[in-house]
Amino acid sequence: MTYVDIVTALALLQFMVFGFRVGKARGRYGVAAPAIAGNEIFERYFRVQQNTLEQLIVFLPALYVFSHYYSPLVAAALGAVYLIGREIYAATYVKDPKKRELGYVLTALPVAILLLGGLVGAIRQLK
Amino acid sequence: MTYVDIVTALALLQFMVFGFRVGKARGRYGVAAPAIAGNEIFERYFRVQQNTLEQLIVFLPALYVFSHYYSPLVAAALGAVYLIGREIYAATYVKDPKKRELGYVLTALPVAILLLGGLVGAIRQLK
Amino acid sequence: MTYVDIVTALALLQFMVFGFRVGKARGRYGVAAPAIAGNEIFERYFRVQQNTLEQLIVFLPALYVFSHYYSPLVAAALGAVYLIGREIYAATYVKDPKKRELGYVLTALPVAILLLGGLVGAIRQLK
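Keeping their order, the protein sequence lines are chains A, B and C.
Each step along the first sequence adds one to the number in the working numbering, with nothing skipped, and position 121 is 121.
Each step along the second sequence adds one to the number in the working numbering, with nothing skipped, and position 50 is 50.
Each step along the third sequence adds one to the number in the working numbering, with nothing skipped, and position 100 is 100.
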């Protein structure tokens, strides 16, 4: 499970970096808390962080359930794809939200495989 | 813990479906990213997803802590109530946000029982 | 791990309380669902809850990874700092968002220590 823990920590670190960028964007584009709208570029940084939160809440439990019923190494490899996909997602979304598809798919796909794999693994255990 | 893992995977799958509906509502109601407001119906789909995220962050850890100190089977049964409650919540919220109470209670109640049960179980362990 | 489970349950309970306050603020400041903006004070309560969600998604996994590679007792102590920091954050943010720094640092710092400690612990295990 060590590889899975490392992937977990890297995914959380990545999310914290996205959060720091939102804080910096508040200053640069003049969006004072508690506002979360008012400047298009700020909103892009904010949505990158929020969408990553929505992915993480599925990714992390799915990673561990998949690891439990299948291979932790395969889980960690799928997690590596997720990490790269999120970097692409963040970079493209900030430039142009319409070009976020590739990065989105490269995170949603490993997440879906981990989740469905974990579900099937658990159900097969019941027999 | 197999039943608990299955409930976990189903709750995450449900959340992903709520997320896909937000994506579809973006197109149908003309709310392009990064905006998250501007059309009332889109905002309902968005709030269903966001509120489910707020529930999941409590539900999943509480499910496992409760399972650890009490019965995984009781935890999974409370999880089944959560799943049904969320379906009712999503269906009613999109029709009329004022009618979201029943679905909300049917998710918040099992979550509260899992959380407080887990807390009491852990504290009793200390003695 | 009992102390870690207690800290987990307390952090989730704290988050649920922040959520109830958002619900009450909806009524008091006249912000009906699905809106999440329109009144500055309501938005402060809302942002306290949302920012706590963003912290929790990192805090909880980091707490367990750190516990696994180092001491659960040190993890729980860092978790206690997080809990106090969040209370300060919530109290100051609602009064004046500009004064949220201290509370923010007192949560982000233990979270960062747990996360980086857990990552280093896992990487050292690989050798």
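Think of the CB as a built atom: it goes at the ideal place given N, C-alpha and C, for glycine as much as any other residue.
In this structure, B:F42 is the residue among B:R21, B:G19, B:F42, B:F20 with its C-alpha nearest to the C-alpha of B:G30. Secondary structure of A:V31 (DSSP, three-state): coil. Every alpha helix (DSSP H) stretch that sits fully inside the stretch 54 to 116 of chain C and reaches 4 residues is listed by chain position as 72 to 95.
C:A37 is the residue among C:Y3, C:A80, C:A37 whose C-alpha sits nearest the C-alpha of C:V22.
Going by beta carbons, A:V58 and A:L115 fall inside the 9 Å limit.
Beyond the five residues adjoining it in sequence on each side, A:L10 comes within less than 7 Å, by CB distance, of L83 in the same chain, given in chain order. Neighbourhood of B:V65 in chain C, by CB distance below 7 Å: D5, T8, A9, in chain order.
Using a Cβ distance threshold of 9 Å, A:V105 and A:G85 count as a contacting pair. The beta carbon of A:Q14 sits closer than 8 Å to the beta carbons of T52, L83, R86, E87 from its chain, once the five residues preceding and following it are set aside; these are given in chain order. Taking a C-beta distance under 9 Å as the contact criterion, A:G118 and A:A76 do not qualify as a contact pair. Sequence-ordered contacts of the stretch 33 to 46 of chain A with chain C read A33, P34, A35, I36, A37 [C-beta pairs closer than 9 Å]. Put simply, the CB of C:I57 is near chain A, with a gap under 9 Å to one of its CB atoms. Put simply, the backbone Cα of B:K127 is about 19 Å away from that of B:S67. Taking the beta carbon of A:E54 as reference, the chain B residues within 7 Å of it are G19, L53, listed in sequence order. For B:P72, the CB contacts under 7 Å within the same chain, skipping 5 residues up- and downstream, are M1, Y3, V4 in chain order. Taking a contact as a CB-CB distance under 8 Å, the pair B:V48 and B:F20 does not count as one, their CB atoms being some 12 Å apart.
Taking the beta carbon of A:L12 as reference, the chain C residues within 7 Å of it are V58, P61, A62, L115, listed in sequence order. The beta carbon of A:Y70 sits closer than 7 Å to those of G117, G121, all from its chain and outside the five residues before and after it, given in chain order.
For A:T107, no CB of chain C lies under 9 Å from its own CB, so it is not counted at the interface with that chain.
For B:L78, no Cβ of chain C is located within less than 9 Å of the residue's own Cβ. When C:R124, C:E54, C:A25 are compared, the shortest CA-CA separation from C:E40 is found for C:A25.
In this structure, DSSP gives A:M1 a state outside helix and strand, which the three-state scheme calls coil.
In the structure shown, B:I123 falls within a helical segment according to DSSP collapsed to helix, strand and coil.
Against A:A122, the close residues of chain B are T2, D5, I6, A9, in the order they occur along the chain (beta-carbon pairs closer than 7 Å).
Between the C-alpha atoms of B:A80 and A:Q50 there is a straight-line separation of about 27 Å.
B:L119 has a beta carbon lying within less than 9 Å of a beta carbon in chain C. In the structure shown, C:I36 falls within a coil segment according to DSSP collapsed to helix, strand and coil. Taking C-beta atoms under 8 Å as the contact rule, C:K99 and C:T92 qualify, at a distance of about 5 Å. Burial check for A:G103: the Cβ neighbour count within 10 Å reaches 16 or more, so the residue is buried.
Closer than 9 Å to the CB of B:Q125 there is not a single CB belonging to chain A.
No Cβ of chain B is located within less than 9 Å of the beta carbon of A:A25. No Cβ of chain C is located within less than 9 Å of the beta carbon of B:A91. Per the coordinates, the alpha-carbon of B:I113 lies some 13 Å from the alpha-carbon of B:L60. Of the candidates C:L78, C:Y89, C:Q55, C:D96, C:Q55 places its Cα closest to the Cα of A:M16.
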